[in-house]
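First comes the structure, then the notes that go with it.
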Amino acid sequence: MSDLLLPASEQRLAATLLRLVAAQDTPRLRISQSELGATANVSRNVVSRILGRFSRKGWVELGYGCVEVRDAAALTASFRAPAEDTFHYK
Numbered sequence: 002m003s004d005l006l007l008p009a010s011e012q013r014l015a016a017t018l019l020r021l022v023a024a025q026d027t028p029r030l031r032i033s034q035s036e037l038g039a040t041a042n043v044s045r046n047v048v049s050r051i052l053g054r055f056s057r058k059g060w061v062e063l064g065y066g067c068v069e070v071r072d073a074a075a076l077t078a079s080f081r082a083p084a085e086d087t088f089h090y091k
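For my numbering, count along the sequence shown from 1 and bump the result up by 1.
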């Protein structure tokens, strides 16, 4: 559960996806965006935006009520690198 300590939403979501895939021993997760958001401590709107980005990169495939991880190595690299959706407050 250390993935919940990651500061950026994108990193937390990537790490959560990988944790769930490993726990279920299958790349295809039957989970809604709301459930995924609750698991990763990210709003459903943010989950939707990030999953869309992951999908365009070919890292995941999205379906109704499911997410299939296509490139676990890229997801792993994404949560070890600086995230794109980090918010800066002034």
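For each residue, glycine too, the CB sits at the ideal point set by N, CA and C.
Identify whether R20 lies in helix, strand or coil by the three-state DSSP scheme. In the sequence shown, residue 20 corresponds to position 19, counting from 1. In the structure shown, R20 sits in a helix (DSSP, three-state: H, G or I).
DSSP state of M2 mapped onto helix, strand, coil: Taking the sequence shown and counting its residues from 1, the one referred to as residue 2 is at position 1. Because the pLDDT of M2 is 45, which lies under 50, any placement of that residue in the model is unreliable, and the number read from its coordinates should be weighed accordingly. Looking at M2 - three-state DSSP - the assignment turns out to be coil, as it is neither helix nor strand.
Could you tell me the distance, in whole angstroms, from the CA atom of R65 to the CA atom of S33? Numbered from 1 along the sequence shown, position 64 holds the residue referred to as residue 65. Numbered from 1 along the sequence shown, position 32 holds the residue referred to as residue 33. According to the sequence displayed, residue 65 carries Tyr and not Arg. Going by C-alpha positions, Y65 is about 8 Å away from S33.
According to the neighbour-count rule (16 or more other Cβ atoms, all chains shown, within 10 Å of its Cβ), is K91 buried or exposed? Locating residue 91 in the sequence shown gives position 90, where the first residue counts as 1. Its pLDDT being 38, under 50, K91 is placed unreliably in this model, and the coordinates cannot settle the point.
With distances taken from CA atoms, which of A24, R29 and A41 is nearest E11? Position 10 of the sequence shown, counting from 1, holds the residue named residue 11. E11 has its Cα closest to that of A41, out of A24, R29 and A41.
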